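A short worksheet on the structure shown next.
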Amino acid sequence: MMGKRRTTLILAALAAIGPVPLSAAAGEPAWSEKAIKQRVDPASLAGTIAGKRLEDLAEKGRDLFEARFTTLDGAGRPNATQAIVPTAPRRPAEFVFQRLAGPDANACSSCHNEPVTGGAGGFVANAFVSEGFESAHFDTLDAQFSNERGTNHLFGAGLVELLAREMSADLAAQRREALRRARDAGEEVRAELSSKGVDFGRITAFPDGSVDLSGLAGVDDDLVLRPFTQKGVMTSLRQFTVNAMNQHHGMQADERWGTRWTGMADFDGDGNSDELGAGEISALVAFQATLAPPREAVPEDEAWAEAATRGREIFAELGCESCHRPSLPLKSLSFEDPGPVDMAGTLRRGDVETPATYDLATLEWAKRLPRNDKGEVMVPLFGDLKRHRIADSRTPVLGNETLAQRFVERDVFVTAELWGLADTAPYGHRGDITTLDEAIRAHGAEAEASGRGYAALAEADRSALIAWLKTLRVGE
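Just so it is clear: in the sequence shown, position 249 is 249 by full-length UniProt numbering, and no numbers are missing.
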């Protein structure tokens, strides 16, 4: 009788408390140890997405960017490596986390967090690009096994990808025109390649349809600009996201590790399938693509403002703008996802009936961007999206890697965009340079003249240049 009475009292108490709240989307309780509380329906992502709807999607992406994935979500990859092509390891992973071969974090924001979510990371958050050693079962910082890289910020990343798309299209059109002229004339045609004022060398087209690419400069043979990572080897935010989710978290996107490409629902053998669908990846892309670009702040301190004005002039006088272009013109703020040049294993336009188009022009920060007399948006990135040789035997500091990545020479890197510089120390490819003065002096090879010119300046002029660089801030 006592047991029956106790049960009745407990049930009555629970009824008085009311129902326990559950996650509206997936039926997960609010205290669930699963980090992904709500899935994103990819069928809802088609056509133009603008204004509040775009902001809502980006907010879902932010939630995923800040989520601390657990094994219940699929974190970890015991039977897969960090390689971009689905690859099984030579032996099962011995540890859940590992710095060299990964996974090395359980949230994007574990590294991209300075000064805020989506930002850069300190030296402690360095990433290891283990080309050729993705199956390593030991940890080491030895440069012969991995390229150690600092964590870049992502602010303005959507604008950067849009610029790269337009520039790639320009170069492809110039190649087609050269081939047409060669075919019509019956003789070889030499063509200079450039886009938005940036020179990418030259090609020679022949009547038989072949092309001599030996004169190209700063771009791959397919003429596709790859603006992401310090080497400039990632085409799009989508490709970058799919790769990073697997490498750093062991969270695998169906569009690459799913049944279509691998024939397996659970390629990494962790007991979880459908870890990240196309909807989740799209939300993450939307979050990154909508991050406001950094700005040039006006110091309240009069002495600082005066020094910065002089520093901006010195920046131009030193020839820094030959690579760190103050701005590049952008014709359209319509960000299609998936994009036009994504690789196999990343969702592509042909994989969907209608791609989503994120209308960045409807965001408040986009309305404040300057435009030229053609109505084009002037993107103030202080970069050129082109690869350059930045180190040599006289000035080797920035050529600190011993492994080539994706056939890009070891001392060649894409120009670092300077916007946001003031909030993203430390500097250098490895994040081991603590001051801007040291970073400028480290410029060699193609940038040697500017680096030496800076070193030869009077102390007051060097200080003025630093004063201006310190105005390039993250945030709206």
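Note that CB positions come from ideal geometry on N, CA and C, so glycine has one too.
Computed from a predicted structure; not experimentally measured.
Can Arg-183 and Arg-473 be called in contact, C-beta distance under 8 Å?
no
According to DSSP, Asn-147 sits in a beta bridge with which residue or residues?
Val-129
So, helix, strand or coil for Ala-46, using DSSP?
coil
Three-state class that DSSP yields for Trp-468 in the structure shown:
helix
Excluding the 5 residues preceding and the 5 following Ser-23 in the sequence, name in chain order all residues of the same chain whose CB lies nearer than 8 Å to its CB.
Here the model assigns Ser-23 a pLDDT of 38, short of 50, so the residue's position is not dependable, and the following value carries that caveat. Correct list, in chain order: Pro-29, Ala-30, Ser-32, Lys-37 and Gln-38.
Less than 8 Å separating the beta-carbons of Ser-430 and Asn-243?
It should be pointed out that residue 430 corresponds to Arg in this sequence rather than to Ser. In this structure, Asn-243 does not lie closer than 8 Å to Arg-430 by Cβ.
Closest by C-alpha distance to Thr-117, when choosing among Thr-290, Gly-319 and Gly-232
Thr-290
Just curious, the alpha helix (DSSP H) that Ile-314 is in, first and last residue?
302–317
Counting along the chain, where does the beta strand (DSSP E) carrying Asp-359 start and finish?
356–359
Report back the beta-carbon spacing between Glu-255 and Thr-346 to the nearest angstrom; my notes put them in contact at under 8 Å.
6 Å
For Gly-250 and Gly-76, what's the separation of their Cα atoms in angstroms?
4 Å
With a CB to CB cut of under 8 Å and the five nearest residues on each side skipped, what residues in its chain are close to residue 560?
Residue 560 falls outside the range modelled here, since the chain spans only 1 to 476, and no answer is possible.
Candidates Val-285, Glu-409 and Ala-439, of which the one nearest Ala-356 by Cα
Val-285
Indicate whether Cys-323 and Ala-447 have their beta-carbon atoms separated by less than 8 Å.
yes
In chain order, which continuous runs of the alpha helix (DSSP H) of length 4 or greater are located wholly inside the region 347–420?
364–367
Do you know how far the Cα of Leu-72 is from the Cα of His-388?
43 Å
Sequence-distant residues of the same chain with beta carbon closer than 7 Å to Pro-115, five excluded per side
Asp-423 and Val-474
Roughly how many angstroms lie between the CA atoms of Asp-41 and Gly-102, to the nearest whole one?
29 Å
Leu-276 - DSSP class collapsed to helix/strand/coil:
strand
Identify, in the order they occur along the chain, each residue of the same chain with its Cβ nearer than 8 Å to the Cβ of Leu-385, setting aside the five sequence neighbours on each side.
Val-160, Leu-163, Ala-164, Met-167, Val-198, Leu-225, Pro-227, Gly-232, Leu-328, Val-414 and Thr-415
Along the chain, which unbroken stretches of the beta strand (DSSP E) at least 3 residues long are found entirely within the region 145–185?
147–149
What residues in its chain sit with their C-beta under 7 Å from that of Pro-372, if we drop five residues either side in the sequence?
Inspection of the sequence shows that residue 372 is occupied by Asn rather than by Pro. Pro-329 and Met-378.
Within the continuous beta strand (DSSP E) that includes Phe-200, where are the two ends?
198–205
Quick check on the burial criterion: 16 or more other C-beta atoms within 10 angstroms. Buried or exposed for Leu-141?
exposed
Simplified DSSP assignment, three categories, for Val-40:
coil
In whole angstroms, give me the CA-to-CA distance for residue 507 and Asn-106.
Lying before the first or after the last residue shown, residue 507 is absent from the chain, which here runs from 1 to 476.
Sequence-distant residues of its chain with Cβ nearer than 7 Å to Arg-190 (five each side left out):
Arg-202 and Thr-204
With a cut-off of 8 Å on the beta carbons, I'd call Val-210 and Leu-171 a contact; round off their distance for me.
Note on identity: in this sequence residue 210 is Ser, with Val being the wrong assignment. About 17 Å; that fails the 8 Å criterion.
Arg-90: buried (16+ other C-beta within 10 angstroms of its C-beta) or exposed?
exposed
When burial is assigned at 16 or more other CB atoms within 10 Å of the CB, is Phe-240 buried or exposed?
buried
Check whether the Cβ of Thr-402 sits closer than 7 Å to any heavy atom of the ligand NAD, and report yes or no.
The ligand NAD is not part of the structure shown, which contains no ligands of any sort.
Touch test, the region 267–280 against the region 56–74, Cβ-Cβ under 8 Å, three pairs minimum
yes
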